[in-house]
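First residue of the sequence shown? That's 44 in the numbering used here, and the numbers climb one at a time after it.
We treat Cβ as the ideally placed atom computed from N, Cα and C, and that holds for glycine.
See structure below.
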Amino acid sequence: MSNADLQRIDINPTHSYNGFKLRPGKPLPFGATLVPGGVNFSIYSSHATACTLVLFVKGQPQPYAEIPFPEEFRIGNVYAMVVFDLDYENIEYGYRMDGPFDPPVGHRFDQSKILLDPYAKAIGGRDVWGVPPDWNNIYHYRGRLTFDDFDWQGDRPLQIPSEDLIIYEMHVRGFTRHASSGVKHPGTFAAIREKIPYLKALGVNCVELLPIYEFDEFDGSRPHPWEEDKLLMNYWGYSTVGFFAPKAAYAATGRLGMQVDEFKALVRELHANGIQVLLDVVFNHTAEGNEMGPMISFRGIDNKTYYMLTPDGYYWNFSGTGNTLNCNNPLVRNMVLDCLRYWASEYHIDGFRFDLAAILGRDPIGIPLSNPPLLESLAYDPILAKCELIAEAWDAGGLYQVGSFPAYGRWAEWNGKYRDDMRRFLKGDMGIIGAVAQRLQGSPDLYAWRGPTASVNFFCCHDGFTLADLVSYNDKHNEANGWGNTDGGNDDHSWNCGFEGPTDDPAVNALRMRQMKNAFALLLVSQGVPMFLMGDEVGHSQQGNNNTYCQDNELNWLDWALVERNAELLRFVQRCIAFRHAHPVLRNREHLRNYDYVGSGYADISWHGTRAWQADWSGTSRIIAFMLCGKHAKSGTVTDSYLYVAANMYWDALPFELPGLPEGMHWHLFANTGAVPDAYEPGSEPRLEPQHEVLIGGRSVVILVGHE
């Protein structure tokens with residue numbers, strides 16, 4: 044048999060239209076896929092009556108071809124077609140969908156609109172950040188093809204054990220946009236690569252990136268209330284346009300259409316330096332908003348399938364942003380799975396944090412499900428099996444599931460109760476010592492069967508006060524957002540240390556510095572997974588604004604001059620991180636048991652007060668101390684030093700009696716936030732004198748290491 048006899052028949056066209064050669068396509072995978080000789084276009088719609096492929100030459104205002112899908116190319120509710128001989132590196136594509144326009148029933152088809160493919164792997168048309176688009180453009184966000192030609196150089200996801208992670212929450216643009224960053228392409232993926240030495244020196248081994256896939260920074264944009272010629276913008280990016288495509292405007296090469304390779308290069312370099320990459324994913328809503336919003340993609344393709352609708356065709360708004368994705372519809376659920384599998388396999392992403400994840404557990408009319416199929420599917424998915432899955436376990440509709448989120452043994456949570464209880468303890472509230480003890484242990488009261496790694500512990504994140512503002516403001520100051528200071532939360536549990544905002548008072552500033560050190564010290568000795576906000580390690584302030592979602596300016600941009608200005612705080616944070624890395628007794632995968640199960644003579648954790656072995660659980664207590672027995676590290680599988688942590692949030696100094704160590708061991712001082720020096724390099728801690736007692740200043744934390 045000759046080679047000619049073996050020629051593939053699927054490279055032969057069966058139809059033609061206006062000079063284009065066509066054949067029936069493969070329904071899976073959805074999206075635009077290169078096949079021998081052409082491109083396979085596949086898109087589904089449960090309610091459309093017809094579909095047309097629209098082709099553009101890259102950047103051209105008008106399409107050069109429109110090709111209706113022949114009815115025989117439709118398989119079920121999927122339109123699939125191969126178009127041959129396309130200049131696939133130089134085209135952009137979209138769709139027109141025909142069908143009923145009947146909003147009360149849920150249908151909003153409009154054949155005059157060109158629609159973005161929900162599965163588009165690259166998106167052009169809005170390639171440079173903040174450049175106002177031509178609002179008369181008939182097709183703003185344009186689907187493009189991607190090519191599997193990136194050299195990963197042997198890279199793969201790192202699979203660092205959850206208990207060993209230290210997460211740094213970062214905004215791609217804000218990290219390097221400030222003029223002080225000194226990078227070649229500020230505000231881009233490429234710029235982060237230049238700052239990897241900083242991240243390594245800091246000691247974090249995981250970055251969590253606020254949304255990096257295509258969103259519209261002009262969504263909801265409006266004039267700044269008092270700065271002329273400045274716009275308030277959709278800065279955070281929680282307003283998705285395309286779930287599969289990295290944001291072109293975050294790439295220095297975005298105008299060249301190279302955003303895919305630039306982001307992959309960033310992931311590869313972070314991995315090469317031992318740093319995992321988590322993506323903040325937003326499957327609760329899209330940039331199309333409510334009934335008044337634009338028609339970009341989902342609404343025009345299959346509104347009734349993609350969105351949760353009221354009985355009269357309006358949008359349920361559990362996200363607080365106009366619409367809610369119908370994530371427990373099987374079609375939408377499959378899109379979410381396809382998307383995450385794509386990022387995990389094609390971009391080597393190590394895990395995901397799900398924004399307002401409680402929404403993902405609501406049924407199509409918004410009722411919370413007891414066994415949400417999407418959350419279960421994600422937990423058991425074979426491709427996502429090694430990925431971190433982290434839920435923001437609440438939504439804007441009032442569903443709060445911290446500690447009760449359907450976890451299936453896989454999901455971790457942003458622990459909002461850790462944030463609130465530890466903030467209250469930090470500022471000296473009474474009546475919460477019992478709760479603080481739970482938080483320090485990885486919240487076994489919330490995650491009894493899930494282990495401490497279910498708890499992502501944090502004092503601050505992008506949403507709310509920064510750490511510097513937490514200790515500088517009693518109240519939010521959000522006037523710059525243009526809503527008369529009515530936006531943002533009112534439950535920050537902050538304390539200004541005696542003066543609202545910036546001050547030259549050295550006593551106030553010294554107390555604020557100590558409080559920031561206290562927060563980091565407590566965070567990094569807590570069981571669970573610590574996370575902190577970009578810039579908190581150098582005292583970045585947002586001037587009291589606790590909702591900077593719209594501020595593309597110095598409020599959000601990290602001022603790199605703070606690295607020198609607040610070198611004292613940065614050095615303290617670096618040493619606390621190094622201390623955590625050095626001591627496996629701080630990084631247990633199973634909950635502490637509060638008794639001795641290895642025969643060391645000490646419980647794995649014991650609680651103390653100003654008197655050893657006598658914790659003060661009273662309602663007026665502002666102190667807590669605990670000792671970890673190093674023989675119980677990692678459930679007794681490794682041996683570590685003994686650690687003693689005492690926190691005095693009372694305003695005066697108090698003497699703390701120290702628990703005795705096994706014979707031949709002595710206490711050594713690692714950190715004292717109320718003293719100079721405030722911390723030592725791990726491994727070089729000086730011996731404490733005297734050994735039986737330590738005086739701890741007001742609002743201070745002391746950390747001791749017990750070894751020979």
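Does the beta-carbon of residue i have 16 or more other beta-carbons within 10 angstroms, so that it is buried, or is it exposed?
i, result
"T219", "buried"
"M559", "buried"
"R493", "buried"
"G749", "buried"
"S205", "buried"
"I209", "buried"
"V681", "exposed"
"K429", "exposed"
"T496", "buried"
"F699", "buried"
"D48", "At D48 the pLDDT is 49, less than 50, meaning the model places this residue with poor confidence and gives no usable figure here."
"E334", "exposed"
"P161", "buried"
"I134", "buried"
"G471", "exposed"
"A292", "buried"
"G149", "buried"
"W526", "exposed"
"G662", "exposed"
Have a look at residue i and residue j and give me their C-alpha separation to the nearest angstrom.
i, j, result
"G300", "G167", "7 Å"
"D659", "V499", "27 Å"
"D683", "V628", "6 Å"
"S340", "E543", "46 Å"
"V174", "T296", "15 Å"
"S282", "D506", "15 Å"
"A676", "V250", "26 Å"
"M465", "L403", "28 Å"
"Q196", "K238", "21 Å"
"A436", "Q444", "5 Å"
"Y685", "N631", "14 Å"
"G446", "F575", "20 Å"
"E456", "F448", "8 Å"
"P104", "F397", "36 Å"
"D145", "G582", "53 Å"
"D424", "P373", "15 Å"
"E305", "D198", "15 Å"
"E271", "I666", "50 Å"
"F127", "H58", "11 Å"
"A9", "L383", "Past the boundaries of the shown model lies residue 9; the chain is included only from 44 to 751, so the question cannot be answered."
"V568", "R453", "23 Å"
"N316", "C540", "39 Å"
"G102", "G587", "42 Å"
"N55", "G80", "9 Å"
Using CA atoms only, rank isn't needed, just tell me which of the options is closest to residue i.
i, options, result
"Y385", "G74, G726, V748", "G74"
"P289", "L309, R630, D272", "L309"
"S85", "A91, A93, T76, T92", "T76"
"I255", "W195, M276, R199, V325", "V325"
"T231", "V171, L738, N180", "V171"
"S727", "E751, E736, L201", "E751"
"A689", "Q657, K674, P416, G673", "Q657"
"E611", "N120, Y60, A722", "A722"
"A400", "P415, G80, R636, G571", "P415"
Please tell me whether residue i and residue j are closer than 8 Å, where the distance is taken between their beta carbons.
i, j, result
"Y131", "V82", "yes"
"N248", "I318", "yes"
"E114", "V97", "no"
"P725", "F615", "no"
"S388", "I433", "no"
"R557", "R742", "yes"
"A696", "L738", "yes"
"P268", "A523", "yes"
"G394", "E431", "yes"
"E257", "N277", "no"
"S264", "L274", "yes"
Less than 8 Å between CB atoms is the rule here; does residue i satisfy it with respect to chain B?
i, result
"G285", "Absent from the structure is chain B; it holds one protein chain and no more."
Give a single yes or no on whether residue i has its beta carbon closer than 7 Å to a heavy atom of the ligand MG.
i, result
"P106", "The ligand MG is not among the ligands present in this structure, which contains no ligands whatsoever."
Meets three-Cβ-pair contact criterion under 8 Å: the region 643-662 and the region 598-617: The answer is no - the region 598-617 does not touch the region 643-662, with fewer than three Cβ pairs under 8 Å.
I want to know whether the region 710-719 touches the region 579-597 - three or more CB-CB distances under 8 Å. In short, these stretches do not touch, since the Cβ pair count stays below three.
Within 8 Å, do at least three Cβ pairs link the region 518-534 to the region 476-488? No contact exists between the region 476-488 and the region 518-534.
For the 8 Å Cβ check, are there 3 or more pairs between the region 406-424 and the region 351-360? Look at the beta carbons and you see the region 406-424 touching the region 351-360: at least three pairs across the two are nearer than 8 Å.
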